[in-house]
Amino acid sequence: MQPDAKQHGDRGRAGSGLVTVPLSLLALVLIWAALSAFMPADLLPPPLTVLALAADEWRNGDLLFHLGATLARVLAAFVLAMAIGAAIGIALGLSGRANRAFDPWLIVALNVPALVTIVLCYLWFGLTEVAAIAAIAITKIPNVAVTLREGTRALDRDLAEMARLYRFGPAATLRHVILPQLAPFMAAAARSGIALIWKIALVVELLGRSNGVGFQIHLYFQLFDIGRIFVYAIAFILVMQAVELGLLQPWERHASRWRRV
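Quick note, the sequence shown lines up with residues 4 to 264 if you use our numbering.
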């Protein structure tokens, strides 16, 4: 495909998405409204009621405060998980001996339930912010490590040989040969990671924090206030969708552009 034709096709798909996505979401809201008409308002409040509750939570500052607290934890855990997981994955991908030695550790880590990790972190470190962020990050690190390990195994060996012949040092090889090839894998790990991390963050907050979206959902669960549970759930979903569409997907397309040249 010629570059101009390809760019035209990409623009066409993007334009189609700008129409399709809002229509799809509108259909979802209409289905919600239709279902709420046949159910008690305290079990399934209609969209306009939830919107009014969201406006109230926004005006009193609670919505913004608790969203900010959860986003801060998600960001800190995300950076930590990506840095540690990428370092482990690259190391295992470059060394067959290290991979054989530590692959069972990865398998065990991947299969430890997130709830167990959260409870243990709280028992070991107390009901603190450090424990909360550590629990979220630890849950994600094995997934990042596996993705980056497989990406490292797929590196172009000819480029590595070229770097050796031109006497690239370890730092130059990592910067100019390894990391550009791993960028699509890092983007994929980031996209899947953010989807997992924010879900774990809500459980962490429900079990042991005094603020955040998970804490608010737990509070309104105890009060049987389904409308406000909807408010916090939908607000955070919208924020994470904005991060996905506005940051992570463009980054993944940018990181993978060299494959389509």
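Ideal placement from N, C-alpha and C gives every residue a C-beta, glycine not left out.
At a Cβ-Cβ threshold of 9 Å, residue 152 and residue 95 count as neighbours. When DSSP states are grouped into helix, strand and coil, residue 32 belongs to the helix group. The C-alpha of residue 213 lies about 12 Å from the C-alpha of residue 206. Here residue 154 is not near residue 85, since their CB atoms are 9 Å or more apart. In the structure shown, residue 79 falls within a helical segment according to DSSP collapsed to helix, strand and coil. Under the three-state reduction of DSSP, residue 133 is assigned to helix. The residues 48, 52, 53 and 56, in chain order, have a CB closer than 7 Å to that of residue 230 in the same chain once the five nearest residues on each side in sequence are set aside. Ranked by how close their Cα comes to the Cα of residue 31, the residues 50, 42, 46 and 43 have 50 in first place. Burial state of residue 114 is exposed, judged by a 10 Å Cβ sphere holding fewer than 16 other Cβ atoms. Taking the Cβ atoms as the reference, residue 89 lies roughly 6 Å from residue 189, within the contact range of under 8 Å. Under the three-state reduction of DSSP, residue 215 is assigned to coil, being neither helix nor strand.
9 Å or more divides the Cβ of residue 92 from the Cβ of residue 180.
Residue 249 counts as exposed, since fewer than 16 other beta carbons sit within 10 angstroms of its beta carbon.
Per DSSP, residue 105 is one residue of the alpha helix (DSSP H) stretching across 99-114. Under the three-state reduction of DSSP, residue 227 is assigned to coil, being neither helix nor strand. Between residue 193 and residue 251, the beta carbon gap of about 6 Å places them in contact (Cβ cut-off 8 Å).
Taking C-beta atoms under 8 Å as the contact rule, residue 200 and residue 139 qualify, at a distance of about 6 Å. In the displayed model, residue 233 falls within a helix according to three-state DSSP. Residues 231 and 232 of the same chain have their beta carbon placed closer than 6 Å to that of residue 223, with the five preceding and five following residues left out of the count. Counting of Cβ neighbours within 10 angstroms places residue 147 among the buried residues, the total reaching 16 or more. Across the structure, residue 98 and residue 106 are spaced so that their CA atoms are roughly 12 Å apart. The Cβ atoms of residue 215 and residue 69 sit closer than 9 Å to each other.
Counting every other CB atom within 10 Å of its CB across the protein chains shown gives residue 217 a total of 16 or more, marking it as buried. Residue 77 and residue 204 do touch by the CB rule: their CB atoms are close to 5 Å apart, below 8 Å. Residue 72 sits away from residue 247, with the two beta carbons spaced by 9 Å or more. In the assembly as shown, residue 234 is a buried residue. Its beta-carbon has 16 or more other beta-carbons within 10 Å. One Cα belongs to residue 80, the other to residue 184, and the distance between them is close to 25 Å.
Distances from the alpha-carbon of residue 228 to those of 135, 43 and 175 put 43 closest.
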